[in-house]
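Some notes on the structure that comes next.
In our numbering, the protein residues as written are 183 to 637.
What follows is the structure in structure tokens.
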């Protein structure tokens with residue numbers, strides 16, 4: 183049976199046709215707020231997801247479409263195809279994805295095609311952050327980042343990379359910042375975002391400490407008054423939500439603010455009480471993950487990194503880059519004056535206890551056969567960072583001169599050898615990174631490449 187509803191819409195056997203868009207009303211993919219329903223559909227023969235919204239929310243829908251049209255030219259942002267209007271509804275055609283990040287993390291067995299090769303978790307997080315950085319470059323703040331709003335799709339066409347694609351979706355709560363504006367205001371009553379994933383500055387009262395800090399402290403991001411709200415917030419609210427997503431992905435479904443139960447999540451967010459203990463099971467990159475997520479969840483939004491800084495964090499570095507960086511630190515400080523020690527060398531040595539522990543002797547943490555192979559030509563002082571880094575660098579440079587049994591015990595270059603050191607000194611990389619940043623060496627020729635945002 184075919185029923186013509188108007189000049190522009192036709193229904194037949196559960197299929198609604200509006201212009202070039204077909205909506206399969208018997209295949210519901212999901213539901214949203216205010217009566218929104220997402221159906222499977224087709225646009226010019228291409229499978230799409232169709233978001234149907236009530237016309238009474240036309241302004242909201244048009245706002246979402248406008249942001250989608252502006253931001254969909256990125257492989258980590260959902261692609262927009264079309265908009266149709268008919269019989270009290272607005273229909274938005276979007277890229278169809280088989281699952282959300284929540285689906286893949288919590289029910290991986292239901293999506294064998296997506297997880298058959300295993301999830302590269304750092305790559306998943308890198309892609310999501312690249313999408314956020316792109317939105318922020320367009321002065322778009324998402325305001326509702328969470329696992330349900332991050333979609334997972336197969337690689338496009340003949341892509342050389344076989345990595346899954348992560349796409350940021352659901353732009354209903356996004357805000358576009360006008361020229362020269364990089365923040366807006368939000369009240370508790372109008373707080374954007376989903377319970378448990380919102381930044382603390384969106385939850386506190388107007389006269390709370392966060393509000394006072396915003397009023398009396400200079401910021402590089404000037405306040406902007408949103409017509410519907412009256413509280414300052416910035417792109418940093420997305421970074422906070424992103425930090426929660428990072429923890430969720432790396433722990434396969436946990437939340438950093440769930441201490442004492444999910445019902446305490448928002449209360450813990452307001453107080454800044456998070457628990458990152460489950461990151462310890464990550465092994466080789468647990469310390470770096472903890473350092474990054476801790477900064478993203480900072481109670482003070484001004485202390486959170488921006489999206490570019492997140493992408494430059496050592497958490498995302500390859501093992502080869504991590505090892506080369508440590509060797510570069512060693513090379514740099516070998517040229518610092520020692521008698522008396524320069525301020526820069528003192529800065530490096532100030533992290534020795536953090537790296538080596540209270541015993542302050544890195545040699546005691548090394549296996550005997552490795553220490554015996556360090557060589558008679560050089561003497562090492564166990565309590566000095568300079569000597570620890572020199573030992574790491576020298577044995578890396580002479581790795582092939584070591585006996586086979588020792589190489590087998592240590593592991594290959596670069597990853598095995600790096601892990602040999604970071605297993606014994608988990609804070610080594612981040613401590614050296616902090617020293618380089620503190621001494622403002624990020625523009626130094628030796629270190630510049632580590633502090634350039636990826637393309």
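Glycine residues also receive a C-beta, built at the ideal position from the N, C-alpha and C atoms.
Residue range of the unbroken alpha helix (DSSP H) whose run includes residue 381:
Residue 381 sits at position 199 when you count from the first residue of the chain shown. Premise fails: residue 381 is in no alpha helix (DSSP H) and is neither H nor E.
Nearest to residue 164 (by Cα), restricted to the options 636, 525, 545 and 561:
With the chain represented from 183 up to 637, any question about residue 164 goes unanswered, as that position is not in the structure.
For residue 212, which of helix, strand or coil comes out of DSSP?
On the chain shown, residue 212 is found 30 positions in, with the first residue counted as 1. Strand.
Which same chain residues, not among the five before or five after residue 306, have their C-beta less than 8 angstroms away from its C-beta?
For the purposes of this step, residue 306 is identified with residue 124 of the chain shown, where counting begins at 1. Same-chain partners within the cutoff: 283, 346, 348 and 431.
What is the residue span of the alpha helix (DSSP H) that residue 429 lies within?
Counting from 1 along the chain shown, the entry for residue 429 is found at position 247. Looking at the DSSP string, the run of the alpha helix (DSSP H) that includes residue 429 is 418-432.
Touching by the beta-carbon criterion (3+ pairs, under 8 angstroms), the segment 314-322 and the segment 227-239
no
C-alpha distance - residue 582 paired with residue 386, whole-angstrom precision
Translated into the one-based positions of the chain shown, residue 582 becomes position 400. Translated into the one-based positions of the chain shown, residue 386 becomes position 204. So the two alpha carbons sit approximately 59 angstroms from each other.
Own chain partners of residue 451 with C-beta closer than 6 angstroms, once the 5 adjacent residues on each side are dropped
Position 269 of the chain shown holds residue 451. Excluding residues within five positions, the ones whose Cβ falls inside 6 angstroms are 382 and 439.
Under 8 angstroms by Cβ, that's how I've got residue 602 and residue 593 pegged, so tell me the actual separation to the nearest angstrom.
Working through the chain shown from its first residue, we reach residue 602 at position 420. Working through the chain shown from its first residue, we reach residue 593 at position 411. Rounded, the Cβ-Cβ distance is 6 angstroms, consistent with contact.
With H, G and I counted as helix, E and B as strand and the rest as coil, what does DSSP make of residue 312?
For the purposes of this step, residue 312 is taken as residue 130 along the chain shown, with counting starting at 1. The answer is helix: DSSP assigns residue 312 an H, G or I state.
Could you check whether residue 496 and residue 600 sit closer than 7 angstroms to each other, using their CB atoms as the reference points?
Counted from its first residue, the chain shown places residue 600 at position 418. Counted from its first residue, the chain shown places residue 496 at position 314. No; because the gap between Cβ atoms is not below 7 angstroms, this pair is not in contact.
Would DSSP call residue 598 helix, strand or coil?
Along the chain shown, read from residue 1 onward, the residue named residue 598 stands at position 416. Residue 598 falls in the helix class under three-state DSSP.
Using 7 angstroms as the threshold, is the C-beta distance between residue 202 and residue 192 below it?
The residue you call residue 202 lines up with position 20 of the chain shown. The residue you call residue 192 lines up with position 10 of the chain shown. Result no, Cβ atoms of residue 202 and residue 192 do not sit closer than 7 angstroms.
With burial defined as no fewer than 16 other Cβ atoms inside 10 Å of the residue's Cβ, what is the status of residue 470: buried or exposed?
Taking the chain shown and counting its residues from 1, one reaches residue 470 at position 288. Buried, because 16 or more other Cβ atoms sit within 10 Å of the Cβ of residue 470.
Taking C-alpha atoms, which residue in 260, 464 and 442 lies nearest to residue 314?
Walking along the chain shown from the start, residue 314 turns up at place 132. The shortest C-alpha separation from residue 314 is found at 260.
Under 7 angstroms between the Cβ atoms of residue 531 and residue 567?
In the chain shown, residue 531 corresponds to position 349, counting from 1. In the chain shown, residue 567 corresponds to position 385, counting from 1. The answer is yes: Cβ separation under 7 angstroms.
Counted within 10 angstroms of its Cβ, other Cβ atoms place residue 295 as buried (16 or more) or exposed:
Numbered from 1 along the chain shown, position 113 holds the residue referred to as residue 295. The residue is exposed, with fewer than 16 neighbouring Cβ atoms inside 10 Å.
Residue 645, enclosing beta strand (DSSP E) - first and last residue
With the chain running from 183 to 637 in the structure shown, residue 645 is simply not present.
Which of helix, strand or coil DSSP assigns to residue 375
In the chain shown, residue 375 corresponds to position 193, counting from 1. Note that residue 375 scores a pLDDT of 47, beneath 50, so its modelled location is shaky; the value from the coordinates is reported in the next line. Here residue 375 sits in coil by DSSP.
Return helix, strand or coil for residue 221, following the three-state DSSP convention.
Counting from 1 along the chain shown, the entry for residue 221 is found at position 39. Here residue 221 sits in strand by DSSP.
Start and end of the alpha helix (DSSP H) containing residue 515?
As a first step, residue 515 is located in the chain shown; it is residue number 333 there, counting from the start. Per DSSP, residue 515 belongs to the alpha helix (DSSP H) from 501-516.
For residue 586, does the count of other Cβ atoms within 10 angstroms reach 16, so buried, or fall short, so exposed?
For the purposes of this step, residue 586 is identified with residue 404 of the chain shown, where counting begins at 1. Exposed: under 16 other Cβ atoms inside 10 Å.
Considering only their Cβ atoms, is the gap separating residue 334 from residue 281 smaller than 7 angstroms?
Here residue 281 is taken as the residue at index 99 of the chain shown, counted from 1. Here residue 334 is taken as the residue at index 152 of the chain shown, counted from 1. Yes.
Best match in 466, 428, 421 and 463 for proximity to residue 483 [C-alpha to C-alpha]:
By 1-based counting over the chain shown, the position of residue 483 is 301. Checking every option, the nearest Cα to that of residue 483 belongs to 421.
Flag this pair as yes or no: are the beta carbons of residue 544 and residue 508 separated by less than 7 angstroms?
The residue given as residue 544 occupies position 362 in the chain shown. The residue given as residue 508 occupies position 326 in the chain shown. In this structure, residue 508 does not lie closer than 7 angstroms to residue 544 by Cβ.
Assign residue 329 to buried or exposed, taking buried as 16 or more other Cβ atoms, counted over all protein chains shown, within 10 Å of its Cβ.
For this step, residue 329 is matched to residue 147 along the chain shown. Buried, by the Cβ-count rule.
Where do the ends of the beta strand (DSSP E) carrying residue 267 lie?
Your numbering for residue 267 matches position 85 in the chain shown. First-last of the beta strand (DSSP E) with residue 267: 262-268.
8 angstroms CB neighbourhood of residue 258 in its chain, flanking five on each side removed
By 1-based counting over the chain shown, the position of residue 258 is 76. Closer than 8 angstroms at the Cβ level, and outside the excluded window around residue 258, lie 309, 310, 312, 313, 316, 347, 348, 349 and 350.
Taking the straight line between their C-alpha atoms, what separation do you get for residue 352 and residue 288?
Numbered from its first residue, the chain shown carries residue 352 at position 170. Numbered from its first residue, the chain shown carries residue 288 at position 106. So the two alpha carbons sit approximately 20 angstroms from each other.
Just to confirm, are residue 212 and residue 220 a CB contact at a threshold of 7 angstroms?
Mapped onto the chain shown, residue 212 falls at position 30. Mapped onto the chain shown, residue 220 falls at position 38. Yes, these two residues count as a Cβ contact at 7 angstroms.
Residue(s) in a DSSP beta bridge with residue 206
Sequence index remark: in the chain shown, residue 206 carries index 24 (1-based). For residue 206, which the question treats as bridged, DSSP gives the partners 197 and 222.
My guess is that residue 511 and residue 614 are in contact by the Cβ rule of under 8 angstroms, so how many angstroms apart are they, rounded?
Your numbering for residue 511 matches position 329 in the chain shown. Your numbering for residue 614 matches position 432 in the chain shown. Right, the Cβ-Cβ distance comes to about 5 angstroms (below 8 angstroms), so this counts as a contact.
Relative to the C-alpha of residue 538, which residue among 606, 612 and 276 is closest?
Indexing the chain shown from 1 puts residue 538 at position 356. Cα-wise, what sits closest to residue 538 is 606.
Quick check: does the Cβ of residue 588 come within less than 6 angstroms of any heavy atom belonging to the ligand GDP?
The ligand GDP is absent from the structure shown, which contains no ligand whatsoever.
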